[in-house]
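Numbering-wise, the sequence shown is residues 1 to 130 according to full-length UniProt numbering. Idealized CB from N, CA, C, for every residue including glycine. Data first, discussion second: the structure below is written as structure tokens.
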Amino acid sequence: MKTVITFGTFDVFHVGHVNVLQRAATYGDALIVGISTDALNYSKKQRYPVYNENDRMKIVNGLRYVNLCFFEESLEKKREYIEYYKADVLVMGDDWAGKFDDLSDICEVVYLPRTPSVSTTQLIEVISGD
Ligand code: C2G
1 MKTVITFGTF DVFHVGHVNV LQRAATYGDA LIVGISTDAL NYSKKQRYPV YNENDRMKIV
61 NGLRYVNLCF FEESLEKKRE YIEYYKADVL VMGDDWAGKF DDLSDICEVV YLPRTPSVST
121 TQLIEVISGD
């Protein structure tokens with residue numbers, strides 16, 4: 001059995017997230033998703049996500065091609081998570097291209113093209129009428 005792992009905030013969940021998760025699932029038999037915690041997001045962006053970590057996890061967990069979700073507490077712990085979940089493949093969007101190549105000693109590392117013209121930042125601008 002081949003296990004795939006991916007990570008993300010998934011806030012506010014949109015079709016670009018669906019596409020990357022759906023494509024990631026095709027790289028193996030089971031897909032595990034690390035959901036960035038609210039605290040991790042705050043440390044990166046100095047703002048909390050629109051949806052809290054429990055709701056974001058519930059949304060991603062509800063997708064039929066996602067087998068398991070867990071909270072990603074630190075960007076530095078990817079190696080630990082990959083080893084813990086015995087993942088064979090790490091899949092990330094290509095905005096992270098090259099960033100995780102050092103993990104290729106323990107798993108296959110794949111970067112998938114981002115879905116163009118969809119982003120939460122853009123969505124927030126449309127909703128707020130900016
Ligand atoms: N994504 C995509 N197309 C978009 C937007 C996002 O393919 N238009 C992908 C990203 O490349 C990523 C995943 O969707 O693989 C989740 O994106 P984010 O929620 O923005 O995750 P991010 O904050 O980049 O991840 O360890 C990484 C952290 O968890 C943070």
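- Under the three-state reduction of DSSP output, G93 falls in the strand class.
- Relative to ligand 1, the beta carbon of R56 is positioned no closer than 6 Å to any heavy atom.
- About 18 Å separates the CB atoms of I32 and N54; that is not less than 8 Å, and the two are not in contact.
- Between V15 and V126, the CB-CB gap reaches or exceeds 7 Å.
- In summary, S36 is buried, with 16 or more beta-carbon neighbours lying within 10 Å of its beta-carbon over all protein chains present.
- Excluding five sequence positions before and after R56, the CB atoms of its chain that fall closer than 6 Å to its own CB belong to F10, D11, I35, given in chain order.
- Taking 4 residues as the minimum length, the alpha helix (DSSP H) runs contained wholly in the stretch 24-78 are 38-45, 53-61, in order along the chain.
- Counting the other CB atoms within 10 Å of its CB gives P113 a total below 16, which places it among the exposed residues.
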